[in-house]
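Enquirer:
Residue numbers (the working numbering): 9 to 135.
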């Protein structure tokens with residue numbers, strides 16, 4: 009390395025600033041690239057998510073998320089102390105809980121299901 013004199017200081021500082029700006033551009037490019045890969049995934053949507061990201065995605069409280077994970081209601085993997093959830097599995101889980109409105113029961117079927125579910129005979133009152 010060559011010695012820098014006081015007269016060379018402005019030129020050297022401008023070189024340092026140019027290098028720092030180049031590093032900032034490179035880091036921002038990497039950040040954008042990683043962000044786009046994270047958002048788009050690998051094509052099939054199999055993107056790992058943390059609990060916080062999954063709670064935000066499902067609009068669910070964290071305590072509810074942990075309860076459902078511990079009882080096996082939500083698909084997730086536990087690695088050590090942390091859970092890993094995949095976006096495509098969560099979407100599939102959400103769609104599985106959907107009720108089919110096309111297969112809605114008619115009034116007669118609904119009444120019959122209520123009558124069938126009755127556990128005891130109703131009392132008949134005589135007047």
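Ideal Cβ positions, reconstructed from N, Cα and C, are used throughout, including at glycine.
Values in this document were obtained by computation on a predicted structure and should not be read as measured data.
Less than 8 Å between C-beta atoms, sequence neighbours within five positions excluded: which residues of the same chain meet that for residue 99?
Expert: Here residue 99 corresponds to residue number 91 of the chain shown, with the count starting at 1. Contacts found: 53.
Enquirer: How many angstroms separate the CA atom of residue 90 from the CA atom of residue 82?
Expert: Taking the first residue of the chain shown as 1, we reach residue 90 at position 82. Taking the first residue of the chain shown as 1, we reach residue 82 at position 74. The straight-line gap from Cα to Cα measures roughly 15 Å.
Enquirer: According to DSSP, which residues form a beta bridge with residue 93?
Expert: Here residue 93 refers to the residue found at position 85 when the chain shown is read from its first residue. Per DSSP, 57.
Enquirer: So residue 84 and residue 92 are supposed to be a Cβ contact under 8 Å. How far apart are they, rounded?
Expert: On the chain shown, position 76 is the one that residue 84 refers to. On the chain shown, position 84 is the one that residue 92 refers to. Their Cβ separation, rounded to whole angstroms, is 7 Å, which keeps residue 84 and residue 92 in contact under 8 Å.
Enquirer: For residue 73, is the classification buried or exposed, using 16 other Cβ atoms within 10 angstroms of its Cβ as the cut-off for buried?
Expert: Taking the chain shown and counting its residues from 1, one reaches residue 73 at position 65. Residue 73 should be labelled buried.
Enquirer: Pick out whichever of 57, 66, 102 has its Cα sitting closest to the Cα of residue 87.
Expert: Position 79 of the chain shown, counted from the first residue, corresponds to residue 87. With distances taken between Cα atoms, residue 87 lies closest to 57.
Enquirer: Please report how far the alpha carbon of residue 17 lies from the alpha carbon of residue 33, in whole angstroms.
Expert: Position 9 of the chain shown, counted from the start, is the residue given in the question as residue 17. Position 25 of the chain shown, counted from the start, is the residue given in the question as residue 33. Going by the C-alpha atoms only, they are around 24 Å apart.
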